[in-house]
Every structure is written in C-alpha cells, then in structure tokens.
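One structure is given here, and the rest of the page talks about it.
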Amino acid sequence: MKLLVYGAGVCGSLFAARMHQAGHEVSLLARGERLTALRRHGVRLAEEDGSVVERVPVPVVAHPDGEYDLITVFVRTHQVDGVLESLAGVRGDVLFLLNWAAGPRTLGAVIGHERVLLGFPTTGGTMDGDVVRYRRSDLVTRRIAMPIGEPDGRTTPRLERIVATFRSAGINAKAAPRMDAWLRTHAAFEVPLGLAVHAAGGPAALADAPDAVRGMLHRMRHNLAALETPPVPRAFAALRVLPQGLLVAALRLFLKSPTAAHSGLNAPSPATTAELKRLAEQLGAPAQAR
Ligand SMILES: NC(=O)c1ccc[n+]([C@@H]2O[C@H](COP(=O)([O-])OP(=O)(O)OC[C@H]3O[C@@H](n4cnc5c(N)ncnc54)[C@H](OP(=O)(O)O)[C@@H]3O)[C@@H](O)[C@H]2O)c1
Numbered sequence: 253m254k255l256l257v258y259g260a261g262v263c264g265s266l267f268a269a270r271m272h273q274a275g276h277e278v279s280l281l282a283r284g285e286r287l288t289a290l291r292r293h294g295v296r297l298a299e300e301d302g303s304v305v306e307r308v309p310v311p312v313v314a315h316p317d318g319e320y321d322l323i324t325v326f327v328r329t330h331q332v333d334g335v336l337e338s339l340a341g342v343r344g345d346v347l348f349l350l351n352w353a354a355g356p357r358t359l360g361a362v363i364g365h366e367r368v369l370l371g372f373p374t375t376g377g378t379m380d381g382d383v384v385r386y387r388r389s390d391l392v393t394r395r396i397a398m399p400i401g402e403p404d405g406r407t408t409p410r411l412e413r414i415v416a417t418f419r420s421a422g423i424n425a426k427a428a429p430r431m432d433a434w435l436r437t438h439a440a441f442e443v444p445l446g447l448a449v450h451a452a453g454g455p456a457a458l459a460d461a462p463d464a465v466r467g468m469l470h471r472m473r474h475n476l477a478a479l480e481t482p483p484v485p486r487a488f489a490a491l492r493v494l495p496q497g498l499l500v501a502a503l504r505l506f507l508k509s510p511t512a513a514h515s516g517l518n519a520p521s522p523a524t525t526a527e528l529k530r531l532a533e534q535l536g537a538p539a540q541a542r
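Our numbering runs 252 ahead of the 1-based position in the sequence shown.
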C-alpha cells in the first residue's frame with residue numbers, strides 16, 4: 253500500500269513506523285524541527301520509560317505529492333483546517349484518525365465527501381524530545397481494536413481492505429458502523445476529562461481531588477445527555493446510570509493507572525489545550541473545567 257501519514261507526532265510516527273516495518277511504501281509528513289529530526293535520525297521509539305530506543309528509517313516528506321492508496325491524518329483537532337487545504341489537490345482516500353466531533357461533512361466539503369473515512373487511534377504516548385514514548389500494550393489493550401468507519405456506516409470493499417491491511421501489519425483494527433457517533437461520544441467524555449486533568453495538574457493529582465472528579469463526571473453526564481444519538485460504544489451509557497460513588501471510584505482508579513500516566517493526558521501542552529478548546533466548540537460544551 254502506498255501510504256501518506258500526515259502528522260509526525262506520537263500517533264502518526266508510531267503508525268508510520270509499524271507500517272514501514274510491515275513492508276508498505278510509507279511517507280511520513282512532518283514540519284519544522286520535527287522534520288529536521290526525522291530526516292537526521294528516522295522515527296525513534298521507546299516503550300514508556302524504557303532506555304532502549306528503536307530507530308525506524310521511515311521516508312519523510314514536507315508536502316503531500318501526487319497520488320496515494322491511502323492518506324492517514326494524525327493531527328490535533330484544531331490543526332485539521334490547515335491539513336484539509338493541502339489535501340485538496342492530492343489524490344487518495346483520507347482516513348482521519350483523531351479527535352473530531354464536527355462530523356464528516358465539514359471534512360468532505362474541502363477534500364470531497366467520497367474520500368473521507370473516520371477513525372480513532374488506540375495507541376497512545378508522549379513525545380520526549382524527538383523520541384516517541386508509547387504506551388506498553390498488555391493483554392487488555394491488545395484486544396482493543398482501532399475503530400475505522402465509512403461516514404455512512406456501510407461496510408465497503410475499501411474499508412475491508414484498509415482493516416485487513418492494518419491487521420496484517422500487526423495493528424489491531426476493526427470496521428466500526430457508527431464512527432461519527434463514536435467520535436462524538438468520545439469527545440463528550442474526553443473534553444471534561446482533559447480539562448479537569450489540566451486544571452488539577454495531571455491525572456494523579458486529579459485522582460486525589462474527589463470533588464473535582466465529581467464535577468468532571470457531572471460534565472460528562474451533561475455532554476452525553478446532550479448527544480443527538482445514544483452513546484457509541486453503548487458502554488458509555490453506564491456513565492449516566494451507574495451510581496455516582498461507584499463511577500467516581502472507577503474514574504479515580506483509571507486516573508492513577510499506568511494507562512493514564514503514559515498517555516497524552518499526562519503531557520499538557522499548548523497543543524492539547526488548543527485541541528480541547530476546539531473539541532469543546534465542536535461539541536457545544538463548556539471549554540472550562542469549572
Ligand atoms: N497521544 C496520545 O496518547 C493519543 C491517544 C489517542 C488519541 N490521540 C489523538 O490522536 C490525534 C493525534 O494525536 P498525537 O498525540 O499524535 O498529536 P501530536 O503528538 O501533537 O502530533 C501532531 C503532529 O502533527 C503535526 N502537524 C499538525 N499540523 C500539521 C501540518 N499542517 N503540517 C505538518 N504537520 C502538522 C504537528 O506538528 P507541530 O508540532 O509543528 O504542530 C505534530 O507533529 C489527536 O486528536 C489526539 O487527541 C492521542
């Protein structure tokens with residue numbers, strides 16, 4: 253597969269490296285200092301706090317060029333507008349693997365509706381200089397597949413082809429029929445979570461502030477109730493019906509887990525703040541923790 257990976261941060265770099273290692277023709281699109289670092293050292297990967305740094309020589313480009321079998325976009329929500337313009341003149345289906353609650357039509361309006369696919373990365377990690385420190389996978393996280401879907405929910409030959417290609421590269425992916433609702437549900441959860449974590453100074457600090465966790469849960473419930481469709485996956489409906497005490501305890505456990513410690517949640521930056529703000533706007537939710 254001739255693949256352009258647009259965005260060379262945590263998720264894009266890791267994905268590009270794995271697809272390159274599986275033998276695909278991958279170009280990783282980067283800019284600024286990241287472009288310079290990638291040209292010099294290739295993608296550098298380390299598992300969580302590990303000292304072993306793997307180097308993967310993925311070809312790097314500064315601009316999209318020509319035609320691809322697939323373009324995967326891994327940028328922050330507020331960075332999507334800039335990407336769309338540059339993809340308008342390039343050929344190839346475009347799979348957006350990012351936080352996005354504004355629906356597929358806003359994307360298709362710029363690049364062509366027939367080109368758009370939606371998904372969400374299930375890997376996670378942080379940047380440590382030019383090293384991507386990715387979250388260790390375990391028996392549980394290995395089973396969580398990256399959801400990918402057509403905007404109208406159909407299972408099409410191209411969707412099946414993409415899922416099969418990712419799976420053959422060792423990336424657990426699955427066709428998801430209601431990807432737009434999935435992304436909006438995720439945003440309903442993610443916006444209060446991200447804002448509360450930032451306000452507290454990190455996931456562990458938030459876990460130690462039960463009142464703030466209760467406030468976050470209240471905003472999650474509010475956002476989920478405001479969705480036009482039932483939550484996807486359905487398990488998120490539990491956030492509205494289970495007793496508050498039980499949910500606060502579960503959320504505090506999650507905030508103290510290695511998963512939270514080794515995700516973007518634990519690496520607040522201007523980019524994450526700007527992403528949460530844009531995501532909150534897309535959702536029509538308050539953009540503040542309190
Ligand atoms: N990290 C996680 O743990 C995680 C887990 C699940 C989902 N996600 C979601 O997945 C998406 C991607 O996250 P990420 O962690 O990979 O983000 P990230 O580390 O911030 O990477 C985004 C990359 O895209 C680059 N970029 C943005 N606009 C560009 C443009 N016009 N041209 C060239 N490069 C551009 C950025 O460059 P600059 O730095 O120069 O802006 C940055 O290198 C986000 O929606 C995020 O919320 C992240």
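Even for Gly, the Cβ is constructed at its ideal location relative to N, Cα and C.
CB contact flag (residue i, residue j, <9 Å)
i    : j    : result
L287 : S265 : no
F372 : P399 : yes
S420 : A274 : yes
V325 : L280 : no
V262 : T378 : yes
H514 : R328 : no
V500 : P462 : yes
D432 : P522 : no
S397 : T374 : Residue 397 is actually Ala in this sequence, not Ser. Going by C-beta atoms, A397 is nearer than 9 Å to T374.
Residue from the options whose Cα sits closest to the Cα of residue i
i    : options                   : result
G516 : I363, E300 and L255       : E300
V368 : R343, T525, A478 and R530 : R343
A502 : E527, D460 and V312       : D460
M271 : H293, R283, G259 and V308 : V308
E277 : R430, T437 and M253       : M253
S509 : L458, P520 and R328       : L458
A537 : A512, P455, H438 and A519 : H438
A490 : F506, D345, M472 and V415 : M472
R410 : P462, G453 and L347       : L347
G294 : V384, G453 and G334       : V384
A440 : A451, A425, F488 and N424 : F488
D345 : P482, A526 and L256       : L256
T524 : A451, G446 and P482       : G446
G453 : N518, I423 and A526       : N518
A526 : R292, H315, K426 and N351 : N351
G467 : A451, P482 and T481       : A451
T408 : E366, S338, G284 and F506 : E366
Any chain C beta carbon closer than 9 Å to residue i
i    : result
A537 : The chain labelled as chain C is not found in the depicted structure, where only one protein chain is given.
Extent of the continuous alpha helix (DSSP H) to which residue i belongs
i    : result
A512 : P510 to A513
L290 : G284 to H293
L491 : A490 to V493
I363 : P356 to I363
V262 : V262 to Q273
M431 : M431 to A452
V332 : V332 to L339
P409 : P409 to S420
Supposed close pair residue i, residue j - CB separation, criterion 8 Å
i    : j    : result
A361 : G401 : Incorrect: roughly 19 Å between the Cβ atoms, too far for contact.
L435 : A353 : 6 Å
A532 : V443 : 5 Å
R504 : V465 : 6 Å
V484 : R430 : 5 Å
Straight-line gap, residue i to residue j (C-alpha atoms, nearest Å)
i    : j    : result
N475 : G302 : 38 Å
R530 : H330 : 6 Å
A340 : G364 : 8 Å
Y258 : Y320 : 12 Å
R486 : L290 : 40 Å
A282 : A260 : 5 Å
R413 : L349 : 17 Å
L359 : V332 : 9 Å
L479 : P520 : 27 Å
D245 : V312 : Beyond the ends of the chain as shown, which are 253 and 542, falls residue 245; an answer cannot be given.
A268 : R394 : 18 Å
L336 : L498 : 42 Å
D544 : G334 : This structure gives no information on residue 544, because the portion of the chain shown stretches from 253 to 542.
Q534 : L528 : 10 Å
H477 : Q496 : It is worth fixing the name first, because residue 477 is Ala in this sequence and not His. About 15 Å.
T417 : I323 : 13 Å
F506 : A314 : 38 Å
N424 : D380 : 25 Å
Bounding residues of the beta strand (DSSP E) (the contiguous stretch that carries residue i)
i    : result
R385 : V383 to Y386
E277 : E277 to L281
A425 : A425 to A427
I323 : E319 to V325
V500 : Not the beta strand (DSSP E): V500 falls in the alpha helix (DSSP H), residues Q496 to L507.
Heavy atom of ligand 3 within 8 Å of residue i beta-carbon
i    : result
T393 : This structure does not include ligand 3; its bound ligands are ligand 1.
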